[in-house]
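*Asks:*
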Amino acid sequence: MSFFSEIAKNIGLNELSLSGGYSVINYNGEAVYLEGVIRLLSIEDDTIALQLRGANVIVAGMGLRISELSGGCIIKGDIQNLSFEKRRKKHGK
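Counting from 82, one number per residue, gives the positions in the sequence shown under the working numbering.
1) Candidates A112, A89, L94, G93: which alpha carbon is nearest G144's?
2) What are the boundary residues of the beta strand (DSSP E) that N162 is part of?
3) My understanding is that K90 touches A136, with C-beta atoms under 8 Å, so please give their C-beta distance in whole angstroms.
4) For G93, count the other beta carbons within 10 Å of its own beta carbon; 16 or more makes it buried, fewer makes it exposed. Which is it?
5) For Y108, report the span of its beta strand (DSSP E) as first-last.
6) Measure the alpha-carbon distance for R146 versus T128 and round it to whole angstroms.
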């Protein structure tokens with residue numbers, strides 16, 4: 082069982098609620114790990130926007146840099162805010 086599956090089980094979610102979705106871990110405002118990344122939308126010194134499965138996320142802070150982008154994404158720096166915008170599923174998909 083994966084780390085995220087174990088957490089979902091402990092908070093009462095099932096595997097279906099995780100499929101096709103995304104997961105995010107904020108490590109004390111020093112780094113963020115994102116799973117379910119589809120593509121990078123924009124990158125600037127103080128914001129990085131990503132399209133995830135089911136949502137777009139904007140990571141805001143200072144000195145942001147992407148240290149890994151394969152399977153998951155790790156963003157390091159002084160993480161000050163994470164904002165999410167759920168994406169609506171298109172009809173017929």
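Every residue, glycine too, gets a C-beta built ideally from N, C-alpha and C.
These numbers come from a predicted model, not from an experiment.
*Replies:* In terms of the structure at hand:
1) A112
2) 153-167
3) With 8 Å as the limit, K90 and A136 do not qualify as a contact, their Cβ atoms being about 22 Å apart.
4) exposed
5) 104-108
6) Rounded to whole angstroms, the gap between the alpha carbons of R146 and T128 is 9 Å.
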